[in-house]
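Top to bottom, those sequences are chains A and B.
If you're matching positions, the first sequence starts at 349 in our numbering and goes up one per residue.
If you're matching positions, the second sequence starts at 5 in our numbering and goes up one per residue.
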Amino acid sequence: MKVEFIPVLLVLIPIITGVFIYITHHYRFNMLIFLAQGLVSGLSFRYYMYFNKFKNELYLNLGNWSEKISIVLKNDYLSMAFIFLTIIIWWMVIIYSWKERKKDSKFYFFLLFLEGVFFGLLQTNDLFNLFVFIEITTIISTILILYNMTGESVRAGLYYLLFNSVGVMFFLLGMAFIYYSEGTLNINILTERINICQGLNLTNISYISIMAAVGVKSAFFPVYNWLPKAHSAAPSVISALLSGLLVKSGIYVFIRINMMYGLETFREFFIILGLFTAISGGIFAVSQKDIKQILAFSTVSQIGIIIIGLNQVDGNITGGIIHIFSHAFFKSLLFLSAGIIINNYKEKDTNLIRGMFHELPLVSIGVIIGFLSISGMPFFSGYISKSIIKYGLKYDFLVYMMYLIDVLTITYFMKILQIFKEPRDLKIKYKLKVKLNSEIPIFILGLISIGLGIFYQPIWELLLKTSVNKIDFFVFEEWMIYFSKLIIAYSTYKLIVEKDYNLIKKIRKTNISFPNTNYLFIIFITTMLIWKL
Amino acid sequence: MNPILSFIIIIIGLYGMVTSENIIKSIICFSIIETALILLFLNLGNVGLGDIPIIVEGITNMVDPLPQALMITTIVIGASTTALAFMISIKIFHYYGTLEWDELLEREG
C-alpha cells in the first residue's frame, strides 16, 4: 500500500467499519471500533511523518482527471492539526460511552460514519465536496442529537436540521455564482483566479452568500439560537462532540473560504459580529439555570472570541486557531463532566445539585480545571490563546471588551461552581457510582488542558509551523487583572445574578420561533450586502 | 429558461420560510428553495443551446456536464434531508400533538 493513499483510507476505514457493524448487528463486533480507531490513529501518524518531508502541502488527485474537474484531497498543517484533534476527541467519546452503549451497534454506526465524513470535510479541496460533507455532517448529527428520542431532543433536532439545511443552501447559491464567473470549483485554482474588485459583482455576492451559510453553521450573532437548543437536548456524549468539534467545522470552512478570497473589507464587520456573539451569548448564559444550557451558551460566547481572533487587523490568525483547539479540549471536558453529574444526581438544575466535591472528587477536579482554562488563568490553555488574541487587537476599546467577556464568563461559571457547596440537608445520601471508563477521558482532557497551557510553544510550532511568542506567566499585572476579574465577577454574581430579578427571568424565557429565526437570517444577509456597498 | 426565474422561486421559498407557521409547510419551502437552486445550476451549464454530453460522432457542441453530475448529488442530499425532517415531524406530533411552531414553543415548559 502506498503512503499517498492514506487520506482516502482515513475517510473510508471508519465508514466501512461502521456499515459492517450495523449490518452484522451483533454486539461482539462492536469491539471493531477500537481496531478502526487505532488504525486511523496509526495511519494519520504515518502520514504526518511522510508529510513533514515535503514541508508545505500535499495533494491527492483521485482518478487522475484534470485538476479543474477532478476530486482532489489536500493536506496542509492546518488540516493535519485538525485531524489529530478529531482523533483525540473521538477516542474520548468512544471510551466514555463504551460501558453504557456496549451493545448498541446503531449508535456506533452513526458515530463512526460521522468521523469518516468529518475527515473528508477537513481534507477536501473543492467547494462541492465541502458542501456535500457539510450536509452529511448536519444529517448525521441530527440523528445523534435525537438519539434518545425524548420530546425535547426531537424538537431541537428538527430545529437544527431545518435551519442548518436552509443556511447551507446559500452555500450552494454562492457556489453557483462562482462557477458561473470562474468556471471551476477547485479551491486552489480559485485562489489564484479570484481578484476582488470594489462594488457589488458576482464574486462579492458569492462571498456574502457563502459567508451567510458559514455563519449559520458556526453560530454567528443573530443566527445562533439553534445551538443552545441542540447542544443541551442531546445526550451528554454527543454534546461534548458537538460543542468540542462539530461547531468548529463551520469555523474551519470560514478559515478556508477566507484564505480563498483574501478579502479584507469584512474584517471589521466580523470583529463587531464576534463582539456581539460573545457578549450576547455570555448574557444569556448568565441568565440560565440548567447546567447544560449554561455550557451551550458559553460555547456561543467562546465562538465570538474565536471570530475576533480569526479577523485580526494584521491578518495573523494563530490566536484564533489556538483558541479553537483549547476550547475543543476544555469544553468537551466540561460537557463530559456534566454528563456524569447529571447521570448521578438525575438533576440538571445547578441550584439543586449540592456537595459535589465529597461525592465525585475526580470529576470536581475536572470541572475546576475546565473553569480555570475557560476563564484564562495563567498556566492553563485558555490563557495562552486569549493573550495572543489580546496582543493582536488594535484598539484599546476591544481589549476592554475582552475583559468584559471574561468577567461574563466567570460570572456564569459561578453558577456552575455552586454545586460544590455543602447540601443544606446533610442527611441526604446520594448513592453515586462512577464507572472508571467515564473518568479516564476527563483525566486525559484535563491533562491536555494543562499541557497546552505550559508547553504551548513546542506544540504549536510543531503542529502549525508558525512561531508563537513567549508569554510570561509571572507578570504581576496579569495576575492582578485576573484576580480583579474574579472579584468583579463574584460581586456581580452575589449582587445581581443570585437575586434572580425579573429582567433575568425574562432573558431566560426569551425564545425565538422558527419563522422569526429565518427573519434574522435574512437580516444577517442584508447587513452584509449593505456593508459591502 | 432564464436564471431570473430561479431567483424568483428562491424568493418565494424564503417568503414561505418566514411566514409559514406550520412545520410541514416549512419543510415544503425548504424543498422549493433547493429545487430552485438545482434549476439555477443546470441553467449555468447550458451555455448556448448544446447537445447532450455524450461523446459520439456528430456531436460537437455539448453542454457542460459537470453541473448535471453535481446536481444529482444535491437531489439525493435534499431527498434525504426532507425524508428525515418528515420523520421527525411525525415524532413531534406524537409527543406534542401539534405541528405549529408557536404552540411548540409554548410547551417548552
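Glycine included, each C-beta is placed from N, C-alpha and C at the ideal position.
Under the three-state DSSP convention, the category residue i falls into
i      : result
B:G113 : Confidence at B:G113 is low in this model, with a pLDDT of 44, below 50, so the placement of that residue should be treated as unreliable; the coordinate-derived value is given next. Reduced to three states, the DSSP call for B:G113 is coil.
B:L41  : helix
A:V711 : helix
A:I419 : strand
A:Y407 : strand
B:M66  : strand
A:N534 : strand
A:T472 : strand
A:N378 : helix
A:D754 : helix
B:N26  : strand
B:E104 : strand
A:D848 : coil
A:D638 : strand
A:D424 : coil
A:D744 : helix
Cα-Cα separation, residue i to residue j
i      : j      : result
A:T865 : A:A581 : 19 Å
A:L470 : A:I844 : 44 Å
A:S646 : A:G799 : 23 Å
A:Y528 : B:S10  : 15 Å
A:S628 : A:Y444 : 32 Å
A:I417 : B:V80  : 20 Å
A:F862 : A:F824 : 49 Å
B:G113 : B:L46  : In this prediction, B:G113 has a pLDDT of 44, which is less than 50 and means its spatial position is unreliable; what the coordinates show is noted afterwards. Rounded to the nearest angstrom, the two C-alpha atoms are 47 Å apart.
A:I836 : A:R604 : 39 Å
A:P771 : A:L851 : 28 Å
A:F803 : A:V585 : 28 Å
A:I364 : A:N477 : 19 Å
A:E405 : A:Q766 : 49 Å
A:W827 : A:I689 : 31 Å
A:Y743 : A:Y867 : 33 Å
A:L460 : A:E846 : 43 Å
A:Q636 : A:K694 : 18 Å
A:Y830 : A:I631 : 20 Å
A:R615 : A:V747 : 17 Å
A:F869 : A:L360 : 35 Å
A:N400 : A:I436 : 20 Å
Where residue i falls, given that 16 or more other Cβ within 10 Å makes a residue buried
i      : result
A:Y849 : exposed
A:N573 : buried
A:H706 : exposed
A:D662 : exposed
A:T498 : exposed
A:D474 : buried
A:V420 : buried
A:Y495 : buried
A:L358 : buried
A:S839 : exposed
A:H671 : buried
A:W438 : buried
A:I526 : buried
8 Å Cβ cutoff, residue i in contact with chain C
i     : result
B:L74 : Of the protein chains in this structure, namely A and B, none is chain C.
Touching or not, the region 374-391 of chain A and the region 472-488 of chain A, by the rule of three or more beta carbon pairs under 8 Å? These segments do not touch.
Cβ pair count under 8 Å reaching 3, the region 553-562 of chain A against the region 648-665 of chain A: The region 553-562 of chain A is not in contact with the region 648-665 of chain A.
Against chain B, which members of the region 514-547 of chain A pass a CB distance test of less than 7 Å? Within the region 514-547 of chain A, contact with chain B at the beta-carbon level (separation under 7 Å) is assigned to V514, M517, L520, L521, A524, Y527 and Y528.
Residues in the region 13-28 of chain B having any Cβ partner in chain A nearer than 8 Å: Cβ contacts with chain A come from I14, L18, M21, V22, T23, S24, E25 and I27.
The region 599-608 of chain A in contact with the region 727-743 of chain A per 3-pair CB rule at 8 Å: The region 599-608 of chain A, when compared against the region 727-743 of chain A, does not touch it at the 8 Å Cβ threshold.
Touch check for the region 24-37 of chain B and the region 87-94 of chain B: three-plus C-beta pairs under 8 Å? Yes, the region 24-37 of chain B is in contact with the region 87-94 of chain B.
The region 611-641 of chain A: positions lying closer than 9 Å to chain B by Cβ: For the region 611-641 of chain A, the set of residues with a beta-carbon nearer than 9 Å to any beta-carbon of chain B is empty.
Using 8 Å as the Cβ pair cut-off and three pairs as the minimum, do the region 614-634 of chain A and the region 717-725 of chain A touch? The way I'd put it, the region 614-634 of chain A doesn't touch the region 717-725 of chain A; fewer than three beta-carbon pairs between them come closer than 8 Å.
Between the region 634-651 of chain A and the region 579-595 of chain A, are three or more C-beta pairs nearer than 8 Å? Flag = yes, the region 634-651 of chain A and the region 579-595 of chain A touch.
For the structure I just gave you, are there three or more beta carbon pairs, one from the region 97-105 of chain B and one from the region 52-67 of chain B, closer than 8 Å? The region 97-105 of chain B, when compared against the region 52-67 of chain B, does not touch it at the 8 Å Cβ threshold.
At a cut of 8 Å, does the region 676-686 of chain A reach the region 586-593 of chain A through at least three beta carbon pairs? Segments in contact, yes.
Positions along the region 854-876 of chain A whose CB lies within less than 7 Å of some CB in chain B: Contact residues of the region 854-876 of chain A toward chain B are N859, S861, F862, P863, N866, Y867 and I870 (C-beta to C-beta distance below 7 Å).
Pull out every residue of the region 77-93 of chain B whose Cβ sits closer than 8 Å to any Cβ of chain A, in chain order. For the region 77-93 of chain B, which is checked against every Cβ of chain A, the residues closer than 8 Å are T77, T78, I81, S84, T85, L88, A89, I92 and S93.
Going along the chain, which residues of the region 35-64 of chain B sit with their C-beta nearer than 8 Å to a C-beta in chain A? Against chain A - using a Cβ distance shorter than 8 Å - the residues of the region 35-64 of chain B are I37, E38, L41, L44, F45 and L48.
The region 501-516 of chain A contacting the region 446-465 of chain A, beta-carbon criterion three pairs below 8 Å: Taking a cut-off of 8 Å on C-beta distances, the region 501-516 of chain A does not touch the region 446-465 of chain A, as fewer than three cross pairs fall below it.
Could you list the residues in the region 553-566 of chain A with a C-beta less than 7 Å from some C-beta on chain B, going in chain order? Closer than 7 Å at the C-beta level to chain B, one finds no residue of the region 553-566 of chain A.
Chain-ordered residues of the region 475-496 of chain A with a beta carbon less than 9 Å from chain B: Cβ contacts with chain B come from F476, F479, V480, E483, I484, T486, I487, T490, I491 and L494.
State whether the region 424-431 of chain A contacts the region 803-819 of chain A, with contact taken as three or more CB pairs (one from each stretch) at a distance under 8 Å. Yes: the two stretches touch, three or more of their Cβ pairs being nearer than 8 Å.
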